[in-house]
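Here is the structure we will look at.
Protein chains in written order, with my numbering: chain A, -4 to 308; chain B, -4 to 308.
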C-alpha cells in the first residue's frame, strides 16, 4: 500500500512550476498549488487544490497546518526583469522562504525541495566577505539565494528534515516568459522581424523545460540533500543557440549578432555540474538541444497561427 | 548647527542594548527604544520614547515610517539558553532583521548597525558548502547571523546604505543575565556556595559592558562598513577569568575547575580582531579585565546586600 504523499508547490503559475504539476500528479502526489491568482482557465490538470496565496503577505503557517504537506517544492521568488537582480524584494523572498521552511518543519513535512539558481555560482569560489567587501560583482539576488540555502541547510541538519536545494540554470521551452531570450528571438524571426542580439559569447547551460521539471521531481523523490544543479553540465555559447534557431526557422537573414552591448551583469560562463543529478539522483537529460529548440519553435509557430485566428487580434 | 540624529534601538531591554541607551543620548541622539515590554520602572534615562513592539509579529514597516530614524542599532535576536544555538527561532530572527533593514532603507535611514556574533568565526574559514555539506559543526545561530550579514551587505551595496555589522564576543559586567558564566560564578562564591565549572581551557575575548556599548556607538558614529569585531583582540582562558574572580571574592576554596564536562558546542577559541575597531573606528578598550571583574564583583556584592534587605526574600 502506497504511503500518502501530499506536495505543496509554490510558484505554481510560473514556467517551471507549471511544468512540474502534471508530473507530480502522475507520480501519485496529491498536488496543492500555490499562486497569487488562480489561472484563468481554473486549476491546471493534476492539481487537487489551488490556493490563492501571496507568500509575502499571507499567513503560510495556517495554510501549511491545514494542508499538512509531506513534501514541499518551493519555486516562488521575485522574477521581474530589472528588479530581481538588485531589488529589496529579494530580502522579502528570503523571509518568505524561511517562513515556509519553518512552517513545513513544524507541521511534519519530511522532504523539502527549494529552488536556487546557477547565479549562485558567482559566489562559490569567493572567500567569505572581508572588511567592507561584499562579494565583488555578486548580485543581491545571488547572495540572497545563497544565504537562504546556507540557513536552511543548517536548520535541516539541526531539525532532521530532508532538504535539497535545486539550482536552475537556463530552462527553455514552450511556456517560457515572452521577454526571455529564446522566445523573443523565435517570435521575431517567425514574424519576419530582425532579432537584435549581443555577440552571444556568453556560455550557458540550457535544459528543456520538460527535463527541468522531470529532474526536479526526480530530486524530490530521491533522498539526495544539499545543493544539486538542475543542469546538463554542457556549456553552449548563446550565439550557437541563436544560430540554431535561425536555421530551424529558416531566417538566418534576420539574426543580428553583436549589435547590442552585453549587459553589465552578464557572466561569461554559467554551466552547472551534472554529476549529482546523474550519480545521486539517477537522472539524465532526455531532450537534446536541437530537439528542444525545434519543439520550442514549433510551439511558437502554432501559437502565432492560433493567435492570428483569434478574432480579438 | 548639528543635524538631527534619530536612532532606533532594538533589543533595548537587553544587556548590551540597555548599556547603549544612555551613551547614545549623551552623543545627541534622539533615542527610540524597541522592546517587547516597557521596563518595570518606565523608559530608562535618555530614552525619548519606548515602543512596545515584538519584531517577530508586529509591523516594523509602520513603526519605521512613523519614527523615520536616521540611524538604526539592531541588537534583538533569540537569546534563550538551549534554544538559540539550534532553534528554528533563528529563522524568524533572520526574517525580522531583513524586514527591519528593508523598512529602514525604504524610509531613508542613512546608517545601520546590525549586531552579529563571534560565533560566526567558526564559519569564516570554511569553504562554502559543497554537496550535502552544511558548514561542519557550525550552529544554526552562527549560520543565520552570517547569512543575514551576507544578504544585508549586498543589499546595502545595491541601495547605497551605510551598513556595519558588529560582532560581539564575550561582553560581561553589571546587568548581565544571571545564568551567564561570570554572574553565576560570582553569585555562588559571594553566597558561599561551590562553583562547579568546566576545566576552563576555552579561550575567549572578554570586553567590559561599558566598553562594548561605547565601541558600538563609536562604530555607529563612524563611516566604517562591513564586519567589525567588538573585541579586545586578547584571548583569555576562562580558567584564568574564574581564578581572578575567586581571588577578588577571596573564595578560591569554592572554585571547582574541571568537575563539569565541556558542552558539545564549546569552541576551543573565540578571539576577535581588534584592528578594525582601532584603525577604522579609532576606538580602543578602556577597562582592563582585572578592573572590569572587580567592578562586576562589587556590583553583585551590592545587589545581594540590597536583595537581603528586601522584605520579600
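Note that beta-carbon positions come from the ideal geometry of N, C-alpha and C, so glycine has one too.
query: Suppose you measure from the CA of residue 284 (chain B) to the CA of residue 195 (chain B); what does that come to, to the nearest Å?; result: 16 Å
query: Can you list the residues of chain A that residue 90 (chain B) reaches, using a CB-CB cut of under 7 Å?; result: 90, 93, 94
query: Output, in chain order, the set of chain A residues within a Cβ distance shorter than 7 Å of residue 135 (chain B).; result: 149, 150, 153
query: Is any beta-carbon of chain A found at less than 8 Å from that of residue 100 (chain B)?; result: yes
query: Between which two residues does the beta strand (DSSP E) holding residue 73 (chain B) run?; result: Counting along the chain, residue 73 (chain B) falls outside any beta strand (DSSP E), and DSSP gives it neither H nor E.
query: Helix, strand or coil: how does DSSP classify residue 8 (chain B) here?; result: coil
query: What three-state label does DSSP hand residue 145 (chain A) in the structure shown?; result: helix
query: Would you tell me roughly how many angstroms separate the C-alpha atoms of residue 185 (chain B) and residue 172 (chain B), rounded to the nearest one?; result: 17 Å
query: Tell me whether residue 79 (chain B) sits in a helix, a strand or coil according to DSSP, three-state version.; result: coil
query: Do you know how far the Cα of residue 40 (chain A) is from the Cα of residue 213 (chain A)?; result: 20 Å
query: Using 8 Å as the threshold, is the segment 285 to 295 of chain A in touch with the segment 42 to 62 of chain B, meaning 3 or more CB pairs across them?; result: no
query: Taking the alpha helix (DSSP H) that residue 160 (chain B) belongs to, which residues open and close that run?; result: First-last for residue 160 (chain B): 157 to 163, but that is the beta strand (DSSP E), not the alpha helix (DSSP H).
query: If we cut at 8 Å on Cβ distances, does residue 3 (chain A) have a partner in chain B?; result: no
query: Hey, could you find the ends of the alpha helix (DSSP H) residue 61 (chain B) is sitting in?; result: 55 to 62
query: Do the segment 150 to 157 of chain A and the segment 92 to 109 of chain A make contact, defined as three or more Cβ pairs closer than 8 Å?; result: yes
query: Quick check on residue 245 (chain B): buried or exposed, where buried means 16 or more other Cβ atoms within 10 Å of its Cβ?; result: exposed
query: My understanding is that residue 81 (chain B) touches residue 134 (chain B), with C-beta atoms under 8 Å, so please give their C-beta distance in whole angstroms.; result: 6 Å
query: If we count the other Cβ atoms within 10 Å of its Cβ and call it buried at 16 or more, is residue 141 (chain B) buried or exposed?; result: buried
query: Per DSSP, which residues does residue 251 (chain A) bridge with? Please list them.; result: A:191
query: Taking Cβ positions only, does residue 55 (chain B) come closer than 8 Å to chain A?; result: no
query: Measure the CB-CB distance between residue 190 (chain A) and residue 180 (chain A) and report whether it falls below 8 Å.; result: yes
query: List, in order along the chain, the chain E residues whose C-beta lies closer than 7 Å to that of residue 142 (chain B)?; result: The structure shown has no chain E; the protein chains it does contain are A and B.
query: Tell me whether residue 219 (chain B) is buried or exposed, calling it buried when 16 or more other Cβ atoms sit within 10 Å of its Cβ.; result: buried
query: The alpha helix (DSSP H) with residue 92 (chain B) in it runs from where to where?; result: 84 to 101
query: Taking Cβ to Cβ, would you say residue 264 (chain B) is nearer than 8 Å to residue 193 (chain B)?; result: no
query: Helix, strand or coil for residue 140 (chain B), going by three-state DSSP, please let me know.; result: helix
query: Quick one: Cα of residue 289 (chain A) to Cα of residue 242 (chain A), how far?; result: 10 Å
query: Please state whether the Cβ-Cβ distance between residue 97 (chain B) and residue 217 (chain A) is less than 8 Å.; result: no
query: Flag residue 97 (chain A) as yes if its beta-carbon sits less than 8 Å from any beta-carbon of chain B, otherwise no.; result: yes
query: If we count the other Cβ atoms within 10 Å of its Cβ and call it buried at 16 or more, is residue 35 (chain B) buried or exposed?; result: exposed
query: DSSP three-state call for residue 111 (chain A): helix, strand or coil?; result: strand
query: Using alpha carbons as the reference points, say which of A:147, A:37, A:84, A:176 lies closest to residue 69 (chain A).; result: A:147
query: Write down the C-beta distance between residue 167 (chain B) and residue 287 (chain B) rounded to the nearest angstrom, noting that I regard them as a contact closer than 8 Å.; result: 7 Å
query: Is the shortest distance between the beta-carbon of residue 362 (chain B) and the beta-carbons of chain A less than 8 Å?; result: Given that chain B is displayed from residue -4 to residue 308, the structure contains no residue 362 (chain B) and the question cannot be resolved.
query: Taking the CB atoms as reference points, tell me whether residue 230 (chain A) and residue 199 (chain A) lie closer together than 8 Å.; result: yes
query: Between residue 110 (chain B) and residue 62 (chain B), is the Cβ-Cβ spacing less than 8 Å?; result: no
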